[in-house]
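Student: Provided herewith is a single structure, encoded as C-alpha cells, for subsequent inquiry.
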Amino acid sequence: MQRNDKKLKKIHYDHENQEYIILNKCPHCNLEIHPSPENTYLLENNSFKLCVISLTCPSCKKDYFIFNDGRNEATTNEKYLVSIPKYGFSESSLINNTSKKFQNLYTQSTNCELLGYYDLAFFGYIKSLEILLKDIAILEHPDSEDIILFCNVIACLEQFHSTNIHLFSKKLLEVLKNDYLHYQKNADYYANSELVKDCIDYFLLYSELLLKTLNLNQIKKASD
Ligand SMILES: [Zn+2]
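Have a look at this one:
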C-alpha cells in the first residue's frame, strides 16, 4: 500500500510573509514538488479577500495558480479554494493504463475531495474502485465479460478476484457493501475513505503489472 507521505495533500507554503495553503504535488504532472513562486495577487472587496499565488513546477516547468481564502476566520482546510488548472492525471502512467471510465470518475473524485466535497468524493472513490476491479477482472477473464459487467462488486470479488480478496479487510468489505444511510459523519468516515483510496492505489499497481505480464505472454505466443 502507498506510504502516507506520498499522498496528495494540502500543505503550508510561505512566501513574502504570507502563508498559503497549496498542494504537495503538481496538478500537471502529479510529482511531489517544491514549486517556485512566480507572482502573487490580492483580490479584495468589503466581504472577501482572495490570495492568489502563481507557481511553477520545477519538474515539468508548467505554471499554475492556487487560490486561497485570505480571511482571518477561514480555517486551514477552508483556506485552500482551487487550483487552476484542476488536478489531473494526464501524465501519470499508472492512471493512463486504466479505462477512460475509471480515469474520469477518479479525477472527479480527487477534485471533489480537494474542493471539500467529502461525501461525493467518498462515493466517487468507491465507484472508481468498483470500475477498476471490474476492468481488471475482464482483462483476466475476457470470456466472462458479460457476467462481470452485470454482477455486484462483492460477487465480482468472490468470483474473479479470489487471489486478491485477502487484501480486503472486513472493514473495507463492509464499506463496499453498505448504502448511503449506513454512513454517518464520524471519525470512521474519513478512515473508510482512506481505506478505499489505499485499495485503489494497490490495484493501480496490480493493473500495471498485469498489463506487463499479458504483453509479455502475447510476445511469447507470437514468437512460439
Ligand atoms: Zn509538474
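The sequence shown runs 75 to 298 under my numbering.
Positions of the beta carbon are idealized from the N, C-alpha and C atoms, including for glycine.
1. Identify the residues that DSSP records as bridge partners of threonine 130: which are they?
2. With a CB to CB cut of under 8 angstroms and the five nearest residues on each side skipped, what residues in its chain are close to leucine 116?
3. Which one or two residues does DSSP pair with cysteine 100 in a beta bridge?
4. Would you tell me roughly how many angstroms separate the C-alpha atoms of aspartate 217 and cysteine 273, rounded to the nearest one?
5. Give the secondary structure of tyrosine 154 by DSSP, where H, G and I count as helix, E and B as strand, and everything else as coil.
6. Quick one, are the C-beta atoms of valine 34 and leucine 269 less than 8 angstroms apart?
7. Pull up the distance between the alpha-carbon of asparagine 151 and that of asparagine 104, whole angstroms please.
8. Report yes or no: do three or more beta-carbon pairs, one from the stretch 185-197 and one from the stretch 133-141, lie closer than 8 angstroms?
9. Pull up the distance between the alpha-carbon of isoleucine 293 and that of leucine 284, whole angstroms please.
10. With ligand 2 as the reference, list in chain order each residue whose Cβ lies under 5 angstroms from any of its heavy atoms.
11. Roughly how many angstroms separate the alpha carbons of threonine 287 and leucine 213, rounded to a whole number?
12. If you reduce the DSSP assignment to three classes, tell me which class tyrosine 192 lands in.
13. Report buried or exposed for threonine 237, applying the criterion of at least 16 other Cβ atoms within 10 angstroms of its Cβ.
14. Could you check where the beta strand (DSSP E) with aspartate 88 kicks off and where it finishes?
15. Just the Cα atoms here: how many angstroms apart are isoleucine 140 and serine 183?
16. Using a 10 Å radius around the Cβ and a threshold of 16 neighbouring Cβ atoms, would you call glutamine 92 buried or exposed?
17. Alpha carbon to alpha carbon, what distance is there between serine 267 and methionine 75?
18. Could you tell me the distance, in whole angstroms, from the CA atom of lysine 160 to the CA atom of cysteine 100?
19. Could you check where the alpha helix (DSSP H) with asparagine 171 kicks off and where it finishes?
20. Count the other C-beta atoms from every protein chain shown that fall within 10 angstroms of the C-beta of asparagine 178, then say buried if there are 16 or more, exposed otherwise.
Tutor: So, to answer that:
1. Ser110, Asp137
2. Lys123, Leu124, Cys125, Val126, Gly144
3. According to DSSP, cysteine 100 bridges with nothing at all.
4. 26 angstroms
5. Here tyrosine 154 carries a strand assignment [DSSP, helix/strand/coil].
6. Any question about residue 34 goes unanswered here, given that the chain covers just 75 to 298.
7. 21 angstroms
8. no
9. In this structure, the CA atom of isoleucine 293 is about 14 angstroms from the CA atom of leucine 284.
10. With respect to small molecules bound, the structure shown includes ligand 1 and not ligand 2.
11. 11 angstroms
12. helix
13. Counting Cβ neighbours within 10 Å, threonine 237 comes out exposed, since fewer than 16 surround it.
14. 84-89
15. 19 angstroms
16. exposed
17. Low confidence applies here, because methionine 75 scores a pLDDT of 46, under 50, leaving its location unreliable and the question unanswered by this model.
18. 10 angstroms
19. From DSSP, asparagine 171 is part of no alpha helix (DSSP H); its letter is neither H nor E.
20. exposed
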